[in-house]
Structure formats: structure tokens, C-alpha cells
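So the structure is just underneath, and the comments pick up after that.
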Ligand code: AMP
């Protein structure tokens, strides 16, 4: 037996309708915030991610599913959505001459990480990107959108954590300060962080290992290195969030794993997830478009992990709306009635009533058992067949009536 690859899962019917609820809620929330849905390719040219996400990030160095296609081109299964959205906006001229675009999408992402609870190799993200606006109001739009989505889904025990990671003007100075500081604590850093020291020292702030984390606590504060523009931007984002009534925690150690962030970086953490506790993350990325060869298009966005949102919603007993169910089950009393039962079932479906019938020749008793979990059983036997009627049993009202088969849909609808 061939099994699914490690780190992937099948989303079965018992769960899939709950996923649909999350995506529907996201779709409605996006609409209310003026975001339009787009669909993007699941694979892109590898350079999009190596140049966009950053050569020295964990994603690009260790986690991408990259292969040569039959034409010998290097292709990568998308590990995240933002670079693809920016490519799409540039390629389709969505942000020319100062135009802005609010775009959202959802679907699978692929990262070769070590699987654990809440961490998969194929996982799903709902992603929103606001392109073309450099000011802090756009950041507030995006952060409030993500928090509103979680409010509508009924998630509790969440914490928004924000930081500013500076820009190309002030980050080099901060980087220098970090290298000086961490170089003086080399013997306390793990192998990975020693490696990061020369290439991407900001990522040391992110390390979960205890000794690195301890050293990082004493690291220079990024706020002291921010240029005036970044400092002002950050203050405006914070004031904007406060005006909307959101509380948040500042964290100078939140740097996130992707190079393209400038200024705002944020995460939304759940108190009910264990080690993989981020349900969403995002921020501003004003240099991404030039990194992938476009003009200057600023952007800010977030991605929410649907797999993790599912786990939290289940654990917190959140509502997923109404589970799909069959309203009417058409039952054949004898073999001669089976064709009429299928016709009736189709008529009910055409009228928008979820209906089902048996297609495998099961006995009357077995059919009635299936009908037992539905609201209506619609029984046809030889008498009904010759009279053109159906016997409709309403399980809730405890009634049974013989009615013309042509009026069955109307009859049922009137009682729902
Ligand atoms: P990132 O693209 O790394 O900023 O991640 C954004 C969100 O996607 C995270 O907050 C998680 O909720 C989710 N996520 C990221 N990686 C994984 C993974 N391997 N498995 C499940 N969810 C993930």
C-alpha cells in the first residue's frame, strides 16, 4: 500500500466542511475590507523565491521543494504566497502609476520542515496583500483585517505581537551592532546561530534554543537604531491599532524568517497551540518588488495558517456553522420503484433540496435506516407508482402524508 508522503494529510469529509467554513468566513471578511480574490500558480520559477524571500533564509536554504522540469528549468513549489502575489501584480500591471491593489488568495504551500503538531510539509494559508501604499494606514488595514477574521471565527486567547525591523537605511547599522554584540557571546550560541552571525544576524533573535534566546534577550534594541522615517511609521501603526481598540505586545525579537520585511513585522499567537503557536504572520515589504526585478511597489500583508486555525477552533469548541446534511431520503419499497425514486431524488435536488437515494439495491429496511437520520423519508411503492404519488414521512413532526409526486419539493420546502 502506498501512503501519503510524510508531512502531508488528507482532509476527509468529516473535516472538509469545516475548512470550507473558514475559507467562506475569510472570503466574506476580505470582501468587507475591499480585498479581491486571485488564483496563482502553485509552482513558480525558483529565482522568484531565492531573490524575493532571500538566499540566507531557512526557507530558501533548506525547505524548498525544488526540481528541474522536463525543459531543464528550475521550478519550486511555492513555500509562501507573497512573492507570487507581487510577481502577479507586476506582471499584470496592477500597480502602475501609483495604483494600489488589495489582493487575497488561499491554497497549499510547501516547505520541507520536520513535521509536528501544527507543522506540515503541505499546509494551507489564507493570504492577503495590500500593494502600492507606503503609509502606516495600510499596515493598520492589514493587521485589523487579520484580527477581524479571527474575531469572526470565534478564536479566543490570541495575542498580537508587533515589531519594526527597520529599512535599508537603518538596518545596516542595527546589523552591525548585533554582530558586535553576538560576537562577544559566541561561545553561548548554537551552531546554526554561529553560522547566522556572518550572514543573517537578525535571525539569531528568533532562535528558540535556550542559550541563544538568553543571549538574544540582552541584544541591542532595534528601536534605538530606527531611522526617523521607520520610527514615525511604527508610531503611526501603533496609534492606528490603538484607535481601532486593539491591544498588542511589542517584541524587539520578532524578526520573522523572511528577508523581505521592512518596517512592520507582526504575528498573531495562540495560547492553545504549543510550540508552533503562530496562527498568522505578516508585515511590510517595501523592497520585495525591486528584489524580483520590478519597480518600486511597497506592500504589506499577512498569511494565516489554516491548519493551525482548525486545531485552535476544534480545541476551543468554536462553531463551524451548520454541518452539511441530506434533507430528504427517497426510499423504494420494491425493485420496480427504484427508477421512480431516482427521478424524485433528482427533482428534489433541482429544487435545491439536498436529497439522496440508494443506488446499490439495498433492502427497504436498510434504506429506511439511512432515511432515519434525514428530516424526510419519501417512500414510493407499487401503489404510489400507479397513483403518481409519494408517501412523505416528516421525522420531526412525526407525520406521514401521501401527496402527488410532482408537489413533493414544494411540500418539503414549505416545512423546512
Ligand atoms: P510564514 O509564511 O512563515 O510567515 O507563516 C505564516 C503562517 O502560516 C504561520 O503563522 C502559520 O500559521 C502558518 N505556517 C507556516 N508554516 C507552516 C507549516 N509548516 N505548517 C503549518 N502551518 C504553517
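Numbering (my numbering), first residue to last: 105 to 520.
A virtual CB, placed ideally from N, CA and C, is assigned to each residue, including glycine.
Paired residues, beta bridge with residue i - DSSP
| i | result |
| --- | --- |
| residue 323 | Residue 323 is not bridged to any residue. |
| residue 268 | 368 |
| residue 408 | 230, 384 |
| residue 403 | 235 |
| residue 210 | 230 |
| residue 181 | 147, 169 |
| residue 124 | Residue 124 is not bridged to any residue. |
| residue 510 | DSSP lists no partner for residue 510. |
| residue 140 | 207 |
Residue i Cβ short of 7 Å to ligand 1 heavy atom set
| i | result |
| --- | --- |
| residue 408 | yes |
| residue 223 | yes |
| residue 411 | yes |
| residue 418 | no |
| residue 184 | yes |
| residue 110 | no |
| residue 119 | no |
| residue 217 | yes |
| residue 383 | yes |
| residue 229 | yes |
| residue 279 | no |
| residue 479 | no |
| residue 300 | no |
| residue 360 | yes |
For residue i, the three-state DSSP class (helix, strand or coil)
| i | result |
| --- | --- |
| residue 516 | helix |
| residue 220 | strand |
| residue 253 | helix |
| residue 557 | Since the first residue of the chain shown is 105 and the last is 520, residue 557 is not available in this structure. |
| residue 156 | helix |
| residue 115 | coil |
| residue 133 | helix |
| residue 501 | coil |
| residue 163 | helix |
| residue 194 | helix |
| residue 496 | strand |
| residue 262 | strand |
| residue 489 | helix |
| residue 484 | strand |
| residue 535 | The chain is shown only over 105 to 520; residue 535 falls outside these bounds and no answer can be derived. |
| residue 287 | helix |
| residue 277 | helix |
| residue 374 | strand |
| residue 310 | helix |
| residue 398 | coil |
| residue 199 | coil |
| residue 347 | helix |
| residue 329 | coil |
| residue 282 | helix |
| residue 415 | helix |
| residue 317 | helix |
| residue 215 | coil |
| residue 393 | helix |
| residue 362 | coil |
Residue i Cβ short of 7 Å to ligand 3 heavy atom set
| i | result |
| --- | --- |
| residue 115 | The model depicted lacks ligand 3 and carries ligand 1 instead. |
Notebook entry, point to check: Do the segment 432–450 and the segment 465–485 meet, that is, are 3 or more Cβ pairs less than 8 Å apart?
Noted result: The answer is yes - the segment 465–485 touches the segment 432–450, with three or more Cβ pairs under 8 Å.
Notebook entry, point to check: Counting pairs of beta carbons, one from the segment 220–227 and one from the segment 380–389, are three or more of them closer than 8 Å?
Noted result: These segments touch.
Next item on the list: Please specify which runs of the alpha helix (DSSP H), each continuous and at least 4 residues long, are wholly inside the segment 222–250, giving them in chain order.
Entry: none
Item checked: Sufficient close CB pairs (3 or more, under 8 Å) joining the segment 391–406 to the segment 482–502 -> no
Next item on the list: Tell me the start and end of each unbroken beta strand (DSSP E) in the segment 422–482 that is at least 3 residues and wholly inside, in chain order.
Entry: 432–436, 459–461
Notebook entry, point to check: Is the segment 361–370 close to the segment 337–347, with three or more CB pairs under 8 Å?
Noted result: yes
Next item on the list: Would you be able to state if there are at least three C-beta pairs under 8 Å between the segment 117–136 and the segment 253–272?
Entry: yes
Checklist line | the segment 181–188 in contact with the segment 200–215 per 3-pair CB rule at 8 Å | finding: yes
Next item on the list: May I ask you to verify whether the segment 256–266 touches the segment 156–163, counting CB pairs closer than 8 Å and requiring at least 3?
Entry: no
Checklist line | Contact between the segment 267–287 and the segment 413–430 (3+ Cβ pairs under 8 Å) | finding: no
Note to self: Tell me whether the segment 290–304 and the segment 239–246 touch, counting them as touching only if at least three CB pairs, one residue from each stretch, are closer than 8 Å.
What the structure shows: no
Item checked: Inter-stretch contact (C-beta, 8 Å, three-pair minimum) for the segment 224–234 and the segment 112–120 -> yes
Next item on the list: Evaluate the contact criterion for the segment 454–465 versus the segment 159–174: three or more CB pairs, one atom per stretch, below 8 Å.
Entry: no
Notebook entry, point to check: Touch check for the segment 141–155 and the segment 169–179: three-plus C-beta pairs under 8 Å?
Noted result: yes
Margin query: Under 8 Å, with one C-beta from each stretch per pair, do the segment 282–291 and the segment 310–324 reach the 3-pair mark?
Written below: yes
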